[in-house]
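Note that the numbering used here has the sequence shown beginning at 4, numbered continuously upward.
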Amino acid sequence: VTYFTRQGYQSYKLYKDASEEYDHYKMKYESLSDQYNNSEFNYYYTKAELSHLEMTGAFNDFQINTGGLALVYSINLAEIIQSWIIFSK
4 VTYFTRQGYQ SYKLYKDASE EYDHYKMKYE SLSDQYNNSE FNYYYTKAEL
54 SHLEMTGAFN DFQINTGGLA LVYSINLAEI IQSWIIFSK
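Following this line, the structure appears as structure tokens:
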């Protein structure tokens, strides 16, 4: 449980940081889209793409860790219900 919680929290923090970077770089390259400075546009566009990939990977890791945590808790809940049924007879 601790592993999934810790990893999930780290994935969430990484997702939030990458999301902020993505928004920043996206705003920069969108503001440069109508100008003739292609090198600066390409720089920010590439940074936005990399931030988006990092954000997507972190979100996928977060989903996996959340699913693992839910699985552990559902197994524990099933054992509690089974014990309750056995001892209530």
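No residue lacks a Cβ here, since even glycine has one placed at the ideal position from N, Cα and C.
Euclidean distance between Cα positions of residue i and residue j
i: T69; j: I89; result: 30 Å
i: K16; j: S54; result: 14 Å
i: D37; j: E52; result: 19 Å
i: F65; j: Y12; result: 8 Å
i: S77; j: K50; result: 40 Å
CB-CB length for residue i against residue j, believed under 8 Å
i: E23; j: L35; result: Rounded, the Cβ-Cβ distance is 19 Å, inconsistent with contact.
i: Y25; j: Y47; result: Actually they are not in contact, since the Cβ atoms of Y25 and Y47 sit about 11 Å apart, beyond 8 Å.
CA nearest to the CA of residue i, picked from the options
i: Y18; options: K29, R9, N63; result: N63
i: R9; options: I67, Q85, W87; result: I67
i: T5; options: L72, S77, L80; result: L72
i: F7; options: L74, D20, W87; result: L74
Residue burial classification, residue i (beta-carbon count within 10 angstroms, cutoff 16)
i: S14; result: buried
i: A81; result: exposed
i: M30; result: exposed
Check: residue i C-beta below 7 Å from any heavy atom of the ligand ATP
i: I78; result: Among the ligands in the structure shown, none appear at all, so the ligand ATP cannot be discussed.
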